[in-house]
Ligand SMILES: Nc1ncnc2c1ncn2[C@@H]1O[C@H](COP(=O)(O)OP(=O)(O)OP(=O)(O)O)[C@@H](O)[C@H]1O
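Residue numbers (full-length UniProt numbering): 1 to 275.
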């Protein structure tokens with residue numbers, strides 16, 4: 001899927017109406033199948049950008065297009081269908097605590113299921129093999145029937161990512177997928193996401209705190225600071241000098257969060273595919 005933002009401004013998903021824009025005059029084009037990482041210091045607007053691209057948040061100015069279509073100009077039903085073509089993995093996946101992992105992962109399929117099938121799957125999970133395979137890609141196959149509230153923060157985060165592999169989406173928007181993962185799991189998780197997106201021809205836009213991981217895994221890097229795109233470059237052209245300017249006064253964030261030490265951000269409201 002192609003994603004196009006032209007002069008887009010937006011408020012943070014948890015902000016009250018009337019508050020200042022967290023994303024300002026942002027223009028960005030992603031071709032179908034492209035993989036792009038967004039980096040920048042805390043508060044730069046990465047979450048706001050991803051939620052805007054995911055149609056969870058209407059721009060306060062500018063134009064957003066998906067495959068040339070302006071979703072916010074469509075009827076409510078058509079907008080909802082466009083949302084069904086996207087997958088947003090928030091920093092803290094909104095997983096109901098008593099839910100089984102299999103149900104949480106199969107929820108990725110909701111946009112393509114009828115109401116009857118969705119309800120049936122709550123009690124008699126369908127496509128157990130697909131859920132198992134998706135979890136296996138994130139080293140969680142043994143957690144298939146575990147309850148979500150018995151998982152660690154890192155495991156919950158990986159369950160949220162495994163959902164992408166079941167979603168009927170052609171654009172994945174992944175917000176800091178590594179914050180609760182140790183370095184080895186973080187590398188495996190990001191490799192899985194990038195590889196699976198490439199294999200499926202899915203467009204991938206991911207925000208990452210871990211700059212080295214972004215530069216080594218993504219061909220194109222967008223640097224965001226104070227709601228403004230500072231650079232949009234091939235990874236090889238993101239020099240230490242550019243990074244120093246992007247992270248000025250936030251130098252401690254340049255090496256990424258300490259593994260396992262970084263708490264998950266509190267969930268922000270997300271427009272979910274619920275029936
Ligand atoms: N709950 C809130 N209400 C209003 N404004 C907020 C709220 N949370 C954040 N903001 C504003 O939105 C800006 C962008 O926040 P956003 O979460 O999009 O940045 P980010 O780059 O994802 O940060 P982080 O890396 O810490 O997750 C912040 O600098 C702040 O000004």
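Here a beta-carbon is modelled for each residue, glycine too, at the ideal position from N, C-alpha and C.
Continuous alpha helix (DSSP H) assignments of at least 4 residues falling wholly in the segment 183-257: 183-200, 211-217, 240-246
Own chain, CB closer than 6 Å to residue 188, minus 5 neighbours either side, in chain order: Stepping through the chain shown from its first residue, residue 188 is reached at position 188. Hits under 6 Å: none found.
Straight-line Cα distance separating residue 31 from residue 69: Along the chain shown, read from residue 1 onward, the residue named residue 69 stands at position 69. Along the chain shown, read from residue 1 onward, the residue named residue 31 stands at position 31. Whole-angstrom Cα-Cα distance: 14 Å.
Segments of 4+ residues assigned as alpha helix (DSSP H) that fall wholly inside the segment 8-92: 46-53, 76-83
Residue 48 Cβ short of 7 Å to ligand 1 heavy atom set: Counting from 1 along the chain shown, the entry for residue 48 is found at position 48. The answer is yes for residue 48.
For residue 155, three-class secondary structure by DSSP: The sequence position of residue 155 within the chain shown is 155, counting from 1. If DSSP states are grouped into helix, strand and coil, residue 155 belongs with the helices.
Residue from 46, 36, 34, 35 with nearest C-alpha to residue 11: Here residue 11 is taken as the residue at index 11 of the chain shown, counted from 1. Among 46, 36, 34, 35, the Cα nearest to that of residue 11 is on 46.
Nearest neighbour of residue 136, chosen from 162, 148, 127, 126 [CA to CA]: If you number the chain shown from 1, residue 136 lands on position 136. It is 162.
Whole-angstrom distance between residue 252 and residue 169, CA atom to CA atom: One-based indexing of the chain shown puts residue 169 at position 169. One-based indexing of the chain shown puts residue 252 at position 252. Rounded to the nearest angstrom, the two C-alpha atoms are 35 Å apart.
Paired residues, beta bridge with residue 174 - DSSP: In the chain shown, residue 174 corresponds to position 174, counting from 1. Beta-bridge pairing links residue 174 to 89, 206.
Proximity test, residue 73 beta-carbon vs ligand 1 heavy atom, cut-off 7 Å: Residue mapping note: residue 73 aligns to position 73 of the chain shown, counting from 1. No, Cβ of residue 73 sits at least 7 Å from all heavy atoms of ligand 1.
Whole-number beta carbon distance between residue 175 and residue 50, since they are thought to touch under 8 Å: Taking the chain shown and counting its residues from 1, the one referred to as residue 50 is at position 50. Taking the chain shown and counting its residues from 1, the one referred to as residue 175 is at position 175. Yes, they are in contact, since the Cβ atoms of residue 50 and residue 175 sit about 5 Å apart, within 8 Å.
Heavy atom of ligand 1 within 7 Å of residue 250 beta-carbon: Position 250 of the chain shown holds residue 250. Every heavy atom of ligand 1 is 7 Å or more from the Cβ of residue 250, so no.
Nearest-angstrom Cα separation, counted from residue 73 out to residue 66: On the chain shown, residue 66 is found 66 positions in, with the first residue counted as 1. On the chain shown, residue 73 is found 73 positions in, with the first residue counted as 1. Rounded to whole angstroms, residue 66 to residue 73 spans 12 Å at the Cα level.
As assigned by DSSP and simplified to three states, the class of residue 165: Locating residue 165 in the chain shown gives position 165, counting from the first residue. Of the three classes helix, strand and coil, the one that applies to residue 165 here is helix, per DSSP.
Check whether residue 57 and residue 28 have beta carbons under 8 Å apart: If you number the chain shown from 1, residue 57 lands on position 57. If you number the chain shown from 1, residue 28 lands on position 28. No, the Cβ-Cβ distance between residue 57 and residue 28 is not below 8 Å.
Any non-hydrogen atom of ligand 1 closer than 7 Å to residue 176 Cβ: For the purposes of this step, residue 176 is identified with residue 176 of the chain shown, where counting begins at 1. Yes.
Beta-carbon contacts of residue 93 that lie in its chain and below 7 Å, excluding the five residues immediately before and after: One-based indexing of the chain shown puts residue 93 at position 93. Cβ within range, chain order: 156, 157, 159, 160.
Nearest-angstrom Cα separation, counted from residue 105 out to residue 80: Within the chain shown, numbered from 1, the residue matching residue 80 stands at position 80. Within the chain shown, numbered from 1, the residue matching residue 105 stands at position 105. Distance between the alpha carbons of residue 80 and residue 105 is about 21 Å.
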